[in-house]
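Per UniProt numbering, the sequence shown runs over residues 1 to 423.
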Amino acid sequence: MAQVDIERIERDITAVSRFGFNEADGGVYRQAFTPEDMAARAWLREQFESLGMTHEMDGAGNVIGRYGPADMPAVVIASHLDSVPASGMFDGVLGVIAGLEVVRTLKENGVEPAFPVEVIATSEEEGRFGGMLGAQAPSGHLTREWLDSAADEHGLMLRDAMAAVGLDHLKALHAYRRPETIRAFLELHVEQGPVLDTEKITIGIVEGISGVFKWKVRLIGKADHAGTAPMDMRADALMGMVDFAHEIPRIIDEEGTDKSRVTIGHVACKPGFPHTVPGEVDFTIVGRDLDHDKMKALAEACERVLSAIARKHKLHFEYEQMSWLEPAYCDRAIMDLIEDQTRKLGYSYKIMPSGAGHDVQFFCEHTRAGLFFVPSVKGVSHAPDEWTHWSDIERGTQLLYECVTELACNEAALSDRSEVERA
């Protein structure tokens, strides 16, 4: 059996981590369409060139390398190279470098695939301008309205950031891929959570990516003197928010599942003075579940509970739904193939959901798509101390190689498997 080379993988992941590395905090700063991001993409194209792969950058900024025949649907391996500020070295990068290693291993073992293998480094996955631009473009989810209006937290427009690195933002609309040009879509990623590491499991085969809704909530009461306003005469907006936070476990118990998540991630208290009763609180609610009906039930319960709490505390309650992203379900045939290859390699595994968003979710209704994880030590991600053991990276890349080889070299790899299952 052909073996991937962990020394090459480690070398390449380390090389990418130098683009945007900050010695002061040990973090990686490689946000989308920055010079650091574009330098990493240029480096990747050099690797494609050295392997004799055809390569291009599409209108969305995706870097695409292709190995194999030009006129057949491709087995796509994809993930991202951009990072959040102060990131670690594995998030996204693992999937791209593992794809590169798959092609190297195919080539050095003289494997000529019947279906081409594409390695894609998607653009703007991490959300500087909203997220997953590089996955939305080829899967047909982009709109001109979004491209024209997207901006980062500092007010820099997406169109200006892309123009600064030589890209026309409207050309992203031309990066669409017809479904028949893709045989299968695979993504390997670090888990970014503690489950696999805690349970000492090697591989997580993802059944689906949780849907997400995001609200901006405002509770409006009355600012008062903290010493003279009696406790029973206050309209304390912060107390209302705290009451709601205490209700979250009950909401999940009654309306959700073990896959449900509800999070208050940002709170702004006004006027924010130590001796003043808070008159207004703005906060976010982010809810997640793998089932549409459960998501809807969670959202309705949040609204119902907030309304009751507002009445109890003499507050005015309002909210704005900022986004609603439906759950995405991985292809059953691809899941079965990953499971079969995992068993052949003798790796431990579990079927699990992904609570975090990934590029693959935009391809789940576009083509046959699958995602699997390797462990994140202590579940840490989006931080300088993010870590995955090299031995786990080697196993994950070997599994990716076996799956890609089966898909790219065996025309019947999917023909005797079940059709995609949708929840």
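Ideal Cβ placement from N, Cα and C applies to all residues, glycine included.
- Excluding sequence positions up to five before and after Met-57, its CB lies within less than 6 Å of the CB of Val-63, all in the same chain and listed in chain order.
- Following the DSSP letters along the chain, one finds Arg-234 in no alpha helix (DSSP H), marked with neither H nor E.
- Arg-11 sits exposed, since fewer than 16 C-beta atoms from the chains shown fall within 10 Å of its C-beta.
- Between the region 164-178 and the region 277-293, the count of C-beta pairs closer than 8 Å stays below three; the two stretches do not touch.
- Take Glu-411, set aside five residues on each side of it, and the residues of its chain with a beta-carbon closer than 7 Å to its own are Ala-114, in chain order.
- In this chain, Trp-387 is not harboured by any beta strand (DSSP E), its DSSP state being neither H nor E.
- Distance check between Met-72 and each of Thr-181, Glu-46, His-316 and Thr-54 places Thr-181 closest, using alpha-carbon atoms only.
- Taking C-alpha positions only, Glu-402 is separated from Val-4 by approximately 10 Å.
- When the beta-carbon positions are compared, Thr-388 and Val-190 come within less than 8 Å of each other.
- Annotation note: the region 314-366 contains the following uninterrupted alpha helix (DSSP H) runs of length 4 or greater, listed N- to C-terminal: 332-345.
- Between the alpha carbons of Ala-137 and Asp-359 lies a distance of about 11 Å.
- A straight line joining the alpha-carbon of Gly-155 with that of Pro-69 spans about 44 Å.
- When C-beta atoms of the region 194-203 are compared with those of the region 159-170, fewer than three pairs fall below 8 Å, so the two segments do not count as touching.
- For the 8 Å CB-CB criterion, Phe-48 and Gly-59 do not form a contact.
- In this structure, Gly-204 places its C-beta atom within 8 Å of the C-beta atom of Lys-350.
- Ranked by Cα distance from Val-217, the first of Thr-122, Ser-123, Pro-353 and Ala-299 is Ala-299.
- For Gly-95, the closest of Glu-125, His-266 and His-80 by C-alpha to C-alpha distance is His-80.
- Under the criterion of beta carbons closer than 8 Å, Asp-152 and Arg-128 qualify as touching, at roughly 5 Å.
- Taking a contact to require three or more Cβ pairs closer than 8 Å, the region 377-385 and the region 20-37 qualify as touching.
- In the DSSP assignment, Thr-34 forms no beta bridge with any residue.
- Going by C-alpha positions, Glu-280 is about 26 Å away from Val-212.
- DSSP places Arg-368 in the coil class of the three-state scheme, outside both helix and strand.
- Comparing alpha-carbon positions, the option among Thr-342, Glu-326 and His-366 lying closest to Val-374 turns out to be Thr-342.
- Straight across, the Cα-Cα distance linking Ala-229 with His-266 is about 27 Å.
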